[in-house]
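Undergrad: Numbering (my numbering), first residue to last: 8 to 215.
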Amino acid sequence: MLSETALSIISITGAIALGAMSPGQSFILVARTAVASSRGDGMAVALGMGVGCFVFALLALLGLQSLLLALPWLYGTLKLLGGAYLIYLAFNMLRGANRPLNVDGVGGQPLGWRKAFTTGLLTQLGNPNTAIVFASVFAALLSHAIAPWMYVALPLIALAVDVAWYAFVAFVLSSPRPRQIYLRFKAWFDRLSGGVLALLGIKLMLSR
8 MLSETALSII
18 SITGAIALGA
28 MSPGQSFILV
38 ARTAVASSRG
48 DGMAVALGMG
58 VGCFVFALLA
68 LLGLQSLLLA
78 LPWLYGTLKL
88 LGGAYLIYLA
98 FNMLRGANRP
108 LNVDGVGGQP
118 LGWRKAFTTG
128 LLTQLGNPNT
138 AIVFASVFAA
148 LLSHAIAPWM
158 YVALPLIALA
168 VDVAWYAFVA
178 FVLSSPRPRQ
188 IYLRFKAWFD
198 RLSGGVLALL
208 GIKLMLSR
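#1: Assuming L75 contacts I139 under a Cβ cut-off of 8 angstroms, what Cβ separation, rounded to an integer in Å, is found between them?
#2: Roughly how far, in whole angstroms, is the beta-carbon of A27 from the beta-carbon of D169, given that I think they are within contact range, below 8 angstroms?
#3: Just list the alpha helix (DSSP H) runs in the region 111 to 160, keeping only unbroken ones of 4 residues or longer that don't cross its boundaries, in chain order.
#4: Going along the chain, which residues of its own chain have a beta-carbon closer than 7 angstroms to the beta-carbon of A174, five neighbours each way excluded?
#5: Straight-line CA distance for Y189 to R106?
#6: Whose C-beta lies closer than 6 angstroms to the C-beta of F5 among residues of the same chain, with five residues either side of it excluded?
#7: When you compare only the Cα positions, how much space is there between A160 and A194?
#8: Run through DSSP, which three-state label would R198 get?
#9: As an exercise, report each continuous alpha helix (DSSP H) stretch of at least 4 residues that is fully enclosed by the region 14 to 55, in chain order.
#10: Our contact map puts G31 next to Q131 with C-beta atoms below 8 angstroms; I'd like the distance itself, whole angstroms only.
#11: Where does A38 land, buried or exposed, given buried means 16+ other C-beta within 10 angstroms?
#12: Please list the terminal residues of the continuous alpha helix (DSSP H) segment that includes F98.
#13: Measuring only the C-alpha atoms, how far is G208 from G201?
#14: Do L204 and L93 have their beta-carbon atoms positioned less than 8 angstroms apart in this structure?
#15: With 16 other CB atoms within 10 Å as the buried threshold, where does S143 fall?
#16: Taking the C-alpha atoms as reference points, what is the distance between I19 and F145?
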């Protein structure tokens with residue numbers, strides 16, 4: 008028989024995995040980076056996303072969600088900044104939609120590991136709703152008193168799950184066939200991705 012703690016961890020891991028796999032700005036960013044830049048850059052974005060999840064999971068355990076709900080202006084400011092960053096990314100995609108990529112057969116135009124990681128991290132941290140989601144999952148699946156080691160273990164699980172999923176996405180979509188399809192329809196893919204990111208940014212800014 009599994010202990011109550013083990014069952015809670017398994018349930019939380021499953022909930023985090025389902026959340027990571029749901030379509031959204033994170034998937035769009037990782038997918039486009041993988042096909043338009045390189046597998047390494049896609050992996051770096053995935054790592055940035057995971058670190059952002061680690062931060063939000065830890066803050067949720069420490070009670071950040073209560074602070075955000077108690078201070079609507081802070082919550083609103085974070086959402087405005089996050090939405091503005093998504094719109095900025097969308098603008099860059101749309102502006103470069105008709106710009107051809109110089110592909111050497113292995114990859115596209117590299118972002119560089121540091122820029123790719125930072126983009127993934129800021130995209131994740133720009134959505135304070137993530138902290139609320141983590142807090143809701145923890146409240147539903149954890150007892151009121153948890154062992155100190157879980158304050159480290161649960162954020163690490165969030166990091167591992169997020170990185171594993173988006174690294175898988177980056178690995179698959181950076182393969183030759185998906186890249187060839189992207190290059191053939193680059194302008195349309197970039198317009199669609201940019202448009203969706205812009206809408207998600209606006210939605211984040213206007214959400215209550």
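Backbone N, C-alpha and C define an ideal beta-carbon position, used for all residues, glycine too.
TA: A quick look at the data gives this:
#1: 7 angstroms
#2: 5 angstroms
#3: 120 to 132 and 136 to 148
#4: M50 and A53
#5: 13 angstroms
#6: What is shown of the chain runs 8 to 215, which leaves residue 5 out entirely.
#7: 43 angstroms
#8: helix
#9: 32 to 43
#10: Between Q131 and G31 the Cβ distance is about 11 angstroms, and since that is not below 8 angstroms, they are no contact.
#11: buried
#12: P79 to R102
#13: 10 angstroms
#14: Contact: yes.
#15: exposed
#16: Spanning the alpha carbons of I19 and F145 requires a straight line of approximately 7 angstroms.
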